[in-house]
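Note sheet for the following structure.
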Amino acid sequence: MRFIETWTPATLVETRDLSPSIREFLILPDQFDGAAYPVGSHINVAVTINGQPETRSYSLVGEADPSGFRIAVRRAEDSRGGSRYMWQLAPGARLDVTLPSSLLAVDWSRKHYCLVAGGIGITPIVGAAQALVRRDAGVTLHYAVRSRRDAAYLDHLAALLGDRLVVHASDEGGRLDLDALFASLPPDALALFCGPMRMLDAARHAWLGAGRPLPDLRYETFGSSGSLPTEAFRVRLKGSDVEFEIPRERSMLDVLNAAGHEVMYDCKRGECGLCAIDVVDVQGEIDHRDVFFSDHQKQENQKICACVSRARGTITVDTLHRADAI
Ligand code: FES
Numbered sequence: 408m409r410f411i412e413t414w415t416p417a418t419l420v421e422t423r424d425l426s427p428s429i430r431e432f433l434i435l436p437d438q439f440d441g442a443a444y445p446v447g448s449h450i451n452v453a454v455t456i457n458g459q460p461e462t463r464s465y466s467l468v469g470e471a472d473p474s475g476f477r478i479a480v481r482r483a484e485d486s487r488g489g490s491r492y493m494w495q496l497a498p499g500a501r502l503d504v505t506l507p508s509s510l511l512a513v514d515w516s517r518k519h520y521c522l523v524a525g526g527i528g529i530t531p532i533v534g535a536a537q538a539l540v541r542r543d544a545g546v547t548l549h550y551a552v553r554s555r556r557d558a559a560y561l562d563h564l565a566a567l568l569g570d571r572l573v574v575h576a577s578d579e580g581g582r583l584d585l586d587a588l589f590a591s592l593p594p595d596a597l598a599l600f601c602g603p604m605r606m607l608d609a610a611r612h613a614w615l616g617a618g619r620p621l622p623d624l625r626y627e628t629f630g631s632s633g634s635l636p637t638e639a640f641r642v643r644l645k646g647s648d649v650e651f652e653i654p655r656e657r658s659m660l661d662v663l664n665a666a667g668h669e670v671m672y673d674c675k676r677g678e679c680g681l682c683a684i685d686v687v688d689v690q691g692e693i694d695h696r697d698v699f700f701s702d703h704q705k706q707e708n709q710k711i712c713a714c715v716s717r718a719r720g721t722i723t724v725d726t727l728h729r730a731d732a733i
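Take any residue in the sequence shown, note its place counting from 1, add 407, and you have its number in this note's numbering.
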């Protein structure tokens with residue numbers, strides 16, 4: 408069960424390899440007006456994984472472009488199948504996509520902005536950097552990558568930002584020290600972050616450790632990153648013998664809804680919390696991959712965002728949907 412989402416047919420116009428593992432896709436909807444969209448916007452793309460229809464959410468790269476929507480996809484061997492599907496597409500392929508939407512509200516009135524990207528998390532940050540430079544705001548981008556060879560959009564960002572781009576390449580010993588970075592920022596600075604879950608956890612701790620208000624750290628993450636490897640796990644329904652296996656390429660939300668449980672959802676990115684369901688027992692470990700619950704709520708393990716979070720072992724949940732209604 409989902410709130411209204413507008414899908415539109417589109418064509419994959421061209422692809423471009425930005426690194427050995429990151430490919431850019433230019434997608435042109437049949438009806439396209441090139442209208443501006445907010446920083447941090449993403450589109451959903453209809454994909455097919457093991458013969459099943461699924462959707463994947465990708466951040467738009469850069470500000471509005473008259474040639475179409477630009478996304479970049481990292482080919483992840485441990486992915487749930489979305490990146491494999493995207494990488495096998497050739498120009499001319501037909502796709503269904505949604506119109507851009509964003510849950511990232513940015514206060515543009517600050518004097519100082521600190522952008523932080525980890526790996527493929529650079530995708531929404533490119534547009535933020537462009538918008539801030541256009542506004543003549545004070546901005547620095549810290550881009551953490553394994554190596555420069557793995558980094559996307561480096562040349563573009565270097566031309567845009569000059570020495571305000573700081574690359575932290577781990578193969579050059581360039582570790583990003585978030586504690587030192589956040590402690591050094593001016594008091595009114597706003598940080599925009601996008602990166603994997605572990606890095607986000609570190610960023611939140613460093614931000615609070617620097618005595619800064621958490622609302623001044625805005626973030627995006629991607630639901631495919633967690634603390635545990637992406638593996639199959641089992642979900643048991645409270646008060647019944649019903650048990651589901653959640654394969655590595657599908658979400659708990661999709662499996663429950665395919666079985667008629669009508670779990671509500673909206674973003675499917677771990678951001679809105681609408682898909683949260685009650686957890687009544689954990690035999691194993693939950694891997695919370697959402698950015699909706701607080702650290703404290705995640706430790707309590709009383710709820711799980713079914714769209715992105717996963718587990719090891721077996722968890723028992725209460726979907727509040729009764730068997731005689733299915
Ligand atoms: S649908 Fe938004 S957090 Fe799951």
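Ideal Cβ placement from N, Cα and C applies to all residues, glycine included. It should be emphasised that the depicted structure is a prediction, and the values quoted were computed from it without experimental measurement.
Per DSSP, what kind of secondary structure is residue i in: helix, strand or coil?
i           : result
residue 543 : coil
residue 695 : coil
residue 597 : strand
residue 422 : strand
residue 710 : strand
residue 439 : coil
residue 622 : helix
residue 704 : helix
residue 746 : Lying before the first or after the last residue shown, residue 746 is absent from the chain, which here runs from 408 to 733.
residue 666 : coil
residue 654 : coil
residue 492 : helix
residue 528 : helix
residue 733 : With a pLDDT of 42 at residue 733, under the threshold of 50, the modelled position of that residue is not reliable, and the figure given next carries that caveat. In the structure shown, residue 733 sits in coil (DSSP, three-state: anything other than H, G, I, E or B).
residue 605 : helix
residue 678 : coil
residue 627 : strand
residue 475 : coil
residue 366 : Outside the shown range of the chain (408 to 733) lies residue 366, about which nothing can therefore be said.
residue 717 : strand
I'd like to check one pair, residue j with residue i: are the Cβ atoms closer than 9 angstroms?
i           : j           : result
residue 662 : residue 669 : no
residue 679 : residue 673 : yes
residue 504 : residue 494 : no
residue 547 : residue 572 : yes
residue 574 : residue 561 : yes
residue 436 : residue 455 : no
residue 569 : residue 552 : no
residue 490 : residue 449 : no
residue 613 : residue 626 : no
residue 592 : residue 619 : yes
residue 537 : residue 511 : no
residue 515 : residue 555 : no
residue 461 : residue 471 : no
Between residue i and the rest of its own chain, which residues show a CB-CB distance below 6 angstroms, the 5 nearest in sequence each way excluded?
i           : result
residue 544 : 520
residue 654 : 639
residue 645 : 687, 723 and 725
residue 429 : 479, 481 and 559
residue 528 : 601 and 602
residue 732 : Because residue 732 sits at a pLDDT of 46, beneath the cut-off of 50, its placement in the model cannot be relied upon, and the point is left open.
residue 581 : 575
residue 635 : 694 and 719
Alpha carbon to alpha carbon, how far is residue j from residue i? Give it in angstroms, no decimals.
i           : j           : result
residue 599 : residue 694 : 24 angstroms
residue 726 : residue 648 : 14 angstroms
residue 535 : residue 639 : 36 angstroms
residue 643 : residue 522 : 41 angstroms
residue 474 : residue 559 : 20 angstroms
residue 665 : residue 458 : 14 angstroms
residue 584 : residue 597 : 17 angstroms
residue 487 : residue 657 : 7 angstroms
residue 366 : residue 641 : A question about residue 366 goes unanswered here, because the residues of the chain that appear run from 408 up to 733.
residue 446 : residue 517 : 15 angstroms
residue 524 : residue 465 : 15 angstroms
residue 564 : residue 719 : 39 angstroms
residue 721 : residue 691 : 6 angstroms
residue 605 : residue 716 : 14 angstroms
residue 533 : residue 513 : 14 angstroms
residue 483 : residue 426 : 13 angstroms
residue 660 : residue 714 : 5 angstroms
residue 703 : residue 550 : 29 angstroms
residue 439 : residue 467 : 15 angstroms
residue 650 : residue 667 : 14 angstroms
residue 497 : residue 707 : 45 angstroms
Less than 8 angstroms between C-beta atoms, sequence neighbours within five positions excluded: which residues of the same chain meet that for residue i?
i           : result
residue 709 : 685 and 686
residue 712 : 677, 680, 682, 683, 695, 696, 697, 699 and 700
residue 499 : 418 and 419
residue 557 : 426, 427, 428, 429 and 526
Return the chain-ordered list of same chain residues with a C-beta closer than 7 angstroms to the C-beta of residue i, the five sequence neighbours on each side being excluded.
i           : result
residue 432 : 419, 422, 478, 480 and 493
residue 371 : Residue 371 is absent from the model: the chain starts at 408 and stops at 733.
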